[in-house]
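A.B. asks: In the working numbering, the protein residues as written are 279 to 414. Pasting a structure below so you can have a look.
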Amino acid sequence: MEGEKIPYKMLNQDAFSTWLGIEIIDCEVGRCKVGLTVRKEMLNSMNKAHGGISYSLADTAFGFAANTHGKYAVSIESSINHIEALNEGDYLVAESVIESVKNRLGFNIVEVKRNDELVALFKGVVYRTSKTWQKD
């Protein structure tokens with residue numbers, strides 16, 4: 279299966295990302311950009327977006343980009359820095375770019391932005407399995 283098509287297949291099989299309202303904006307091998315709008319049910323007790331929202335968006339971009347190389351890739355470590363508070367109605371965009379590929383490991387950086395403002399920075403490591411993505 280062509281790498282840039284894999285994230286679309288993944289999204290069709292991903293109930294959580296679909297529930298979040300994540301959409302694929304752009305995708306190519308080694309890079310994926312996704313977005314979502316912060317909804318009321320995503321807010322915490324301080325009326326700001328729960329940190330898990332930007333984390334989940336970044337994690338989805340990370341997973342999609344990592345799998346564009348054609349092998350099933352699974353997260354083995356990730357972390358995030360929350361830089362700005364997020365509000366209901368904010369449209370967030372996360373772009374994952376493969377920074378380094380080492381045989382079985384992939385190292386990704388994901389920037390989460392609100393317009394041109396960096397609101398979170400996610401870092402992740404994936405393990406590439408030997409299983410390849412197949413056409414249906």
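Ideal Cβ positions, reconstructed from N, Cα and C, are used throughout, including at glycine. Please read these numbers as outputs of a predicted model, since none were measured by experiment.
#1: Counting along the chain, where does the alpha helix (DSSP H) carrying S295 start and finish?
#2: Is the stretch 370–379 close to the stretch 301–320, with three or more CB pairs under 8 Å?
#3: Spell out a yes or no on whether the stretch 378–397 and the stretch 337–344 are touching, meaning 3 or more CB-CB pairs, one atom from each, closer than 8 Å.
#4: Which residues share a DSSP beta bridge with E373?
#5: Which of the three DSSP states, helix, strand or coil, is assigned to D337?
#6: Check whether the Cβ atoms of T296 and Y369 sit closer than 7 Å, and answer yes or no.
#7: Helix, strand or coil for S332 per DSSP?
#8: Tell me the DSSP secondary structure of E301 in three-state form.
#9: Just the C-alpha distance for I300 and I284, rounded to the nearest angstrom, thanks.
#10: CB-CB under 6 Å to Y350, same chain, minus the five flanking residues each way: which ones, in chain order?
#11: K380 to H347, Cα distance in whole Å?
#12: By Cβ distance below 6 Å, which residues in the same chain neighbour S356 in space, the five residues on each side in sequence not counted?
#13: Identify every residue that forms a DSSP beta bridge with H360.
C.D. replies: Walking through what the data contain:
#1: For S295, the uninterrupted alpha helix (DSSP H) run begins and ends at 293–298, by DSSP.
#2: yes
#3: Put simply, the stretch 378–397 touches the stretch 337–344. At least three CB pairs are less than 8 Å apart.
#4: K311, E389
#5: helix
#6: no
#7: helix
#8: strand
#9: 15 Å
#10: T407, K409
#11: 12 Å
#12: Cβ within range, chain order: G402.
#13: A398
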